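Note sheet for the following structure.
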Amino acid sequence: MKPWGFAVNGLVKVRRRRNKVIHPIRSHAAAAALAVLAMLGAGLHAAPASAAGASALTPLQRCQQGLAPNQSETVTHYGNQVGVSFPNVNNPYNAILPGDVVKVTVWGTVSYDLWGNSVGPNGNDIDAPSGWPFPGLNQYASIARWNNNPGGWVGSPMQTNWLAGCNAAPSIAVRLLYYINDGALWDNGGQWFIKTEVFWP
Numbered sequence: 778m779k780p781w782g783f784a785v786n787g788l789v790k791v792r793r794r795r796n797k798v799i800h801p802i803r804s805h806a807a808a809a810a811l812a813v814l815a816m817l818g819a820g821l822h823a824a825p826a827s828a829a830g831a832s833a834l835t836p837l838q839r840c841q842q843g844l845a846p847n848q849s850e851t852v853t854h855y856g857n858q859v860g861v862s863f864p865n866v867n868n869p870y871n872a873i874l875p876g877d878v879v880k881v882t883v884w885g886t887v888s889y890d891l892w893g894n895s896v897g898p899n900g901n902d903i904d905a906p907s908g909w910p911f912p913g914l915n916q917y918a919s920i921a922r923w924n925n926n927p928g929g930w931v932g933s934p935m936q937t938n939w940l941a942g943c944n945a946a947p948s949i950a951v952r953l954l955y956y957i958n959d960g961a962l963w964d965n966g967g968q969w970f971i972k973t974e975v976f977w978p
């Protein structure tokens, strides 16, 4: 697995070790600032650079204002599939770093039995009892978990739609793993679509 990042199923073709790779937004901002200085030195009037303006915002502000994320990937989670991940690769690397802001959007319908009973990502609004994969969270809901590779779980499981806002990443590098709160997947159908967006500092 390449350490820097690569394109897989539409994954933005960058990921960084921030101490070794110039951050794309920062490099654009620096270039824009140099261009402005050059124009001013030549006596020209320069318009504000949009890249410079965007880079002055925090990741949280960019997320809240609906600006483009640095990484975005949408995966399909089939109802009879154990799980999917961000990034969507085998044994995903820790693509989410401390200081990042994460927003997850999930939609679609999953059926959970042979009679076609179905739910959206929020499940059936009934707390799962002991013995279910994620007790206390909604039955049949889409579930998200932070996970550090190779360190293990970070924090508690949560319903995926709890990440619908702009959320600070954990204080350790992680990936996101998605599940269905259903202990019997063989009779499931349908699918959810899960879009993960990451905003870098």
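Under the working numbering, think of the first position of the sequence shown as 778, with each following residue one higher. Heads up, the beta-carbon is just placed ideally off N, CA and C, and yes, glycines get one too. Computed from a prediction, not measured in an experiment: that's the story for all the values here.
Would you kindly work out how many angstroms separate the C-alpha atoms of N901 and N915, rounded to a whole number?
-> Here the alpha carbon of N901 sits roughly 6 Å from the alpha carbon of N915.
DSSP state of N938 mapped onto helix, strand, coil | The answer is helix: DSSP assigns N938 an H, G or I state.
Assumed close pair N944, Y889 - CB separation to whole angstroms, cut-off 8 Å = The C-beta separation of N944 from Y889 comes to about 27 Å, leaving the pair out of contact by the 8 Å criterion.
Are A905 and G913 close, meaning C-beta to C-beta below 9 Å?
-> Yes, they are a contact pair.
Count the other CB atoms within 10 Å of the CB of A946; is the residue buried (16 or more) or exposed (fewer)?
-> A946 comes out buried.
Which of helix, strand or coil does DSSP assign to S832?
-> DSSP, read as helix, strand or coil, puts S832 in helix.
What three-state label does DSSP hand Q841 in the structure shown?
-> Q841: helix per DSSP, three-state reduction.
Per DSSP, what kind of secondary structure is I925 in: helix, strand or coil?
-> The residue you asked about is not Ile; residue 925 is Asn in the sequence shown. In the three-state scheme derived from DSSP, where H, G and I count as helix and E and B as strand, N925 is classed as strand.
Go to F976, then tell me how far its beta strand (DSSP E) extends in each direction, as first and last residue.
-> In the DSSP assignment, F976 falls within the unbroken beta strand (DSSP E) covering G966 to F976.
Apart from the five residues just before and just after L954, which ones in its own chain have a Cβ nearer than 7 Å to its Cβ?
-> Non-local C-beta neighbours of L954 in its own chain, meaning closer than 7 Å and more than five positions away in sequence, comprise G860, S862, R922 and N924, ordered along the chain.
If you draw a straight line from the alpha carbon of G893 to that of S919, how long is it in whole angstroms?
-> Using only the alpha carbons, I get a separation of about 18 Å.
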